[in-house]
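Protein chains in written order, with the working numbering: chain C, 1 to 612; chain X, 613 to 741.
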Amino acid sequence: MAEKKRDKEKTYRLHLMVCAGTGCVSNHSFEVKAVLEKEIKKHGLENEVLVVTTGCNGFCERGPLLVVQPGNIFYQQLSVKDISYLVEEHLLKGRPVQKFMYVPPEEKTPIPVLNEIPFFNKQVLIALRNRGLIDPEKIEESIARNGYKAMARALTEMIPEKIIMDITLSGLRGRGGAGFPTGLKWNLVRQSESSNGGGKYIICNGDEGDPGAFMDRSILEADPHSVIEGMVIGAKAIGATEGFIYVRNEYPLAIKRVNIALEQAREYGLLGRDILGTGFDFDIKVHRGAGAFVCGEETALIASIEGKLGEPRPRPPYPAQSGLWGKPTCINNVETWANVPIIIERGSKWYAGIGTETSKGTKVFSLVGKINNTGLVEVPMGITLREIIYDIGGGIPGGKEFKAVQTGGPSGGCIPKEKIDLPIDYESLTQAGSMMGSGGMVIMDEDTCMVDVARYFLSFTQDESCGKCTPCREGTKAMLNILTRITEGKGTKEDLAFLEDIALSVKDTSLCGLGKTAPNPVLTTLRYFRNEYEAHINQKKCPAHVCRQLNVYTINPEICLNVGRGCDLCRRNCASDAIQGEKNTSHSIEQSKCIKCGACLDVCNFGAVKVE
Amino acid sequence: MPKLTLEDLEKLREKAKKATSLRERGEYRAKINVHMGTCGIAAGARTIMNALIKEIEEREVHDVLLTNSGCAGLCSHEPMVTVELRDQAPVKYIDLNEKKVKEIFEKHVLGGTIVKEFALGIGSEKTDY
C-alpha cells in the first residue's frame, strides 16, 4: 500500500503546518489540529487542504502555532474555538484572518507573513533547516528536503579521510558546550586502534539537562533524520558499525519520534545492514537516560550506557581512545550531528563562510526568562547579545530594564548589561567569564537579585553533583551554604573572599566539567555585581527586594487612611496577624510578628505598603 | 518494503519534493486566484476550484500556486479567476465554467498566451504573495 501511495502523490492546494513541538503540544496543539481536520471535512475541503504536524517552529511563546503554505501566513495563540472561523474565512473564502496574526509588542498592525516577523527574519537556519517544513514522523518529507543526500554521497563517493577533511575545514566545533573541533575529534577516533580488537562506537549526546534549555529536544522532535544521517556519515568517517542516541527519559516525544525515524530509515535501507546497497553496515539504538545532569558529561554518559553508575572518570584516556566498552568512541552533541549532513552537502567553504574567525556556522539558543519572545532561535556566530535580546527576543516584558543574561546553562556565567554588544562566539563568552554551553540563554531584568541567582544555580549543581570527587561534592555545598547565608542577611565581611577562594579551587580541581564550571555563576556575579553582595552583607538589604528575609514592609499611615480609607484588605490577608488596625482606620505592621511573605504588598490597591 | 538503492532514493526524493513543493517559498510559475466570496461560491466557484486542482494533479504541475480570495466586486460576472504569471500583470477572467477554465490553464498558465475571449482586462490590483 505504501508503494501505491508513493506512486501517486496527491496534490493539495494548501498545506497547513501545525506546530507539534513540546511547547505547542502542551498548549493543546493536538486538540487544535483535531478540530481543524473536523472543520475542513465539514466544508468538504479534505481533498484540497492538507494538515501537517511539524516539529518545533521556535516561537514557543506564541503557541499553538499554524503556518499556512503557500504564502507563509503565520497564525498564533490559536484555541479550539477559533478554528471554525479561521477555516471559513481563510480556507473557504481566502481571507487571511488578522485577529489571529502576530502583533509586535507596542504596535497595532499585525504582520501576516512569517519571514517578515522580526523574531524569524534575523535567524539563519542550518541545524534547524527543516523546522516547520516537514512532518518529523514521515521520512519522505525529510527526503524531499534533501535528507540522506549527503549520506548517499559520503557512502559512495567519499573516502573517510575526505569526510573528515570536509568537517575539519568547515570549522565545526562541538555544540554541547566545550567547543572541541569536531573534525579533530573524528580524526583521533579514526586513528585510534582498539586495544582489545573489535569495533568503534558513535554516540549522540542528547542528555540535555540545563534548566531552560531545549535545543536538543527540539531538533530530535522536529528533524530526527538529520541527526541519524549525520551519525551514519560520522560512522563511515571513523569506521564504526554501531551507534547510540542517548536521550533523557523526560523527553517522551523526542524518544517517540526518534524511534519512528529509526524504524523508517531501517525499512528504507538507509540504516542497518548494507545501507543503500553500498555494503556499509551501521545501526543505531536509543538509550534512555534517567535524567542525571552529570550524565551529559561524556565519560559519565558512557558509564550510564554500560549499565554502570552515571559517574565521570578521569581523562585521559579520552573516549576517542577508550570509550564505550573500552573501544574508541566518537561522542557528539545532537546539534553537532544535525550540522554534519549539510556541511557534506553544501561544502566546508560555504559553512566556514558563516560566523567568526574561530567559531564557524550558527548556534541554536533557547531564549527564556524575562523576555518577550520565549523560544528557540538559530543565529550566526558573532551576532551580538543585543540583537538576540532586543531584535529577535523582542526585549524585556513590561518595559523593565535588562540586567544580565546567563549563558551556558546552570554552570554558565552571568553577563551584565554593559556587555550587551558582545559578539557571541566560544572565545568571547569564555573571556566574559561565561561559556557557550549547550545554548541556554536566561534573560534577567531589573527585578532579579544576582546573589539569589547565584544561589539558585548553585543549588541546582550542588544537587546534581554526583559526589565522586571531593572538590565538587564539598565545594558546591560550602558555596551554597555561604550564598544562602548571605541571602538571609547572615553574611559576614569575610564571606566574599572565602567564597571566591572556594569557587576557584573547585574550578581548578574538580574531576569533570560539572565541577569545573559550577562556580561560574558565583564568579561572574562576584565580578560584575559585587555591589549587590555588599549590599546584602553590609546594609542587610536586597536591592531587588527578592531576598525576602532582608525586606522590611511598612505601611504609610497617611495613604492608608486618606486614600485607601483603611480598607483592611492587608490585615485580612496577613497570615501571621502582624497587621494592626481596623476598617476606616490607618494600619501598621508589627515587625516582630512579620514573616516577610509580602502578601500585604500584593493586595494593597493604594500603594500604601512599601518594601525596603 | 524493499530496501532502497541509490537510484530509488533519488526517485523517491523527486516524488516527495513534488508533494511538498508548495511549502517552499521558492520560485513559482504562476498564481491562480479563484474568487470565492459568497457570490462566487453561489455562481459555481467551487467547480472551478476543483477543475483547477484536477488539472494541476493530472498534469503534475508543481509550481503553480492555487489560492482563493473574496469577492472581486464584479458579482454579476462570477465565477472569476485571476491569473498572474510570474513578473507579469494579473489577468482577470470572468463568467467561467469548467471547460473555459481548463482552456485558460492550458493556454495561459502553461502556454503563456492570454485567452482574450474570456478575459475582462489586464492589470488589476497586484497582490503581494
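C-beta: ideal position from N, C-alpha, C; glycine also. In this text the structure is predicted, and so the values were computed from the model without any measurement.
Neighbour flag for residue i against chain C, beta carbons, 8 Å
i, result
"R635(X)", "yes"
"K714(X)", "no"
"Y741(X)", "Because the pLDDT of Y741(X) is 44, which lies under 50, any placement of that residue in the model is unreliable, and the number read from its coordinates should be weighed accordingly. It does: the Cβ of Y741(X) has a partner Cβ on chain C nearer than 8 Å."
"A631(X)", "yes"
"K728(X)", "no"
Whole-Å CB distance - residue i paired with residue j, under 8 Å assumed
i, j, result
"M661(X)", "N680(X)", "7 Å"
"R13(C)", "G682(X)", "Contact flag wrong, Cβ pair sits at about 16 Å."
"R571(C)", "I559(C)", "About 15 Å separates the two Cβ atoms, so there is no contact after all."
"L172(C)", "K360(C)", "7 Å"
"V189(C)", "I238(C)", "4 Å"
"G394(C)", "P105(C)", "6 Å"
"P416(C)", "A404(C)", "5 Å"
"C594(C)", "Y553(C)", "6 Å"
"E221(C)", "T22(C)", "7 Å"
"E378(C)", "I126(C)", "7 Å"
"S638(C)", "A213(C)", "Chain C is shown from 1 up to 612; residue 638(C) falls before or after that span and cannot be answered."
"L324(C)", "A152(C)", "The pair is not a contact, with the Cβ atoms about 27 Å apart (cut-off 8 Å)."
Contact set between residue i and chain X, taken where Cβ atoms lie within less than 7 Å
i, result
"L94(C)", "Residue identity check: residue 94(C) is Gly in the sequence provided, not Leu. In chain order: M648, T679, N680, S681 and G682."
"T156(C)", "L618"
Contact set between residue i and chain X, taken where Cβ atoms lie within less than 8 Å
i, result
"I143(C)", "L621, L624, R625 and A628"
"L184(C)", "The premise fails here: L184(C) is roughly 31 Å from chain X at the closest Cβ pair, so nothing lies under 8 Å."
C-beta neighbour in chain X for residue i, strict 8 Å
i, result
"L270(C)", "yes"
"Q69(C)", "yes"
"L133(C)", "yes"
"K5(C)", "Residue confidence for K5(C) is low, a pLDDT of 42 falling below 50, so the modelled location carries little weight; the figure read from the coordinates is stated next. K5(C) does not count as touching chain X."
"A150(C)", "no"
"E474(C)", "no"
"E140(C)", "yes"
"M1(C)", "The pLDDT assigned to M1(C) is 36, lower than 50, so where the model puts this residue is not dependable, and the model offers no usable value."
Proximal residues of chain C, C-beta to C-beta of residue i below 8 Å
i, result
"E669(X)", "K10 and T11"
Partners in chain A for residue i, counting only beta-carbon separations shorter than 7 Å
i, result
"M435(C)", "The question asks about chain A, but that chain is absent: this structure's protein chains are C and X."
Bounding residues of the alpha helix (DSSP H) (the contiguous stretch that carries residue i)
i, result
"V35(C)", "S29 to K42"
"P211(C)", "Where P211(C) is concerned, there is no enclosing alpha helix (DSSP H), given that its DSSP letter is neither H nor E."
"R572(C)", "L569 to N573"
"M231(C)", "P224 to I238"
"S348(C)", "S348 to A352"
"H536(C)", "R530 to N538"
"P118(C)", "P118 to N121"
"Y456(C)", "M450 to E464"
"M151(C)", "K149 to E157"
"E715(X)", "E710 to I716"
"F633(C)", "The requested residue 633(C) is not part of the displayed model; chain C covers only 1 to 612."
Interface residues of chain X facing residue i [CB-CB closer than 9 Å]
i, result
"L276(C)", "K615, L616, T617, L618, D620 and L621"
"M17(C)", "R635"
Contact set between residue i and chain C, taken where Cβ atoms lie within less than 7 Å
i, result
"I665(X)", "T11, R13 and E48"
Continuous beta strand (DSSP E) stretch holding residue i: start and end
i, result
"Q69(C)", "L66 to Q69"
"K138(C)", "Unbroken run through K138(C): none, as it is neither H nor E."
"I424(C)", "First-last for I424(C): undefined, no H or E at that position."
"K610(C)", "V609 to V611"
"M444(C)", "G440 to D445"
"D281(C)", "F280 to G289"
"F244(C)", "E242 to R248"
"A404(C)", "F402 to T407"
"R273(C)", "G272 to I275"
ask   = Do the stretch 277-293 of chain C and the stretch 429-439 of chain C touch if we need at least three Cβ pairs shorter than 8 Å?
value = By the Cβ criterion, the stretch 277-293 of chain C is not in contact with the stretch 429-439 of chain C, since fewer than three pairs of Cβ atoms, one from each stretch, lie closer than 8 Å.
The stretch 323-339 of chain C in contact with the stretch 477-486 of chain C per 3-pair CB rule at 8 Å = Inter-segment contact for the stretch 323-339 of chain C and the stretch 477-486 of chain C is absent: fewer than three beta-carbon pairs are separated by less than 8 Å.
query = Can we say the stretch 175-183 of chain C touches the stretch 301-314 of chain C, given the rule of at least three CB pairs closer than 8 Å?
reply = No: fewer than three Cβ pairs fall under 8 Å.
ask   = Does the stretch 255-263 of chain C come close enough to the stretch 213-231 of chain C to have 3 or more Cβ pairs within less than 8 Å?
value = Below 8 Å, enough C-beta pairs join the stretch 255-263 of chain C and the stretch 213-231 of chain C to call them touching: three or more.
message = Counting beta carbon pairs with one atom in the stretch 26-38 of chain C and one in the stretch 105-119 of chain C, are three or more of them shorter than 8 Å?
response = Counting Cβ pairs under 8 Å, fewer than three are found: no touch.
task = Taking 8 Å as the threshold, find out whether the stretch 241-257 of chain C comes into contact with the stretch 155-162 of chain C through three or more Cβ pairs.
result = Not touching, per the Cβ criterion.
query = Okay, do the stretch 80-89 of chain C and the stretch 692-708 of chain X touch, 3+ Cβ pairs below 8 Å being the bar?
reply = Under the 8 Å Cβ criterion, the stretch 80-89 of chain C does not count as touching the stretch 692-708 of chain X, having fewer than three qualifying pairs.
query = How about the stretch 515-535 of chain C and the stretch 441-451 of chain C: do they share at least three Cβ pairs that are nearer than 8 Å?
reply = The stretch 515-535 of chain C vs the stretch 441-451 of chain C: in contact.
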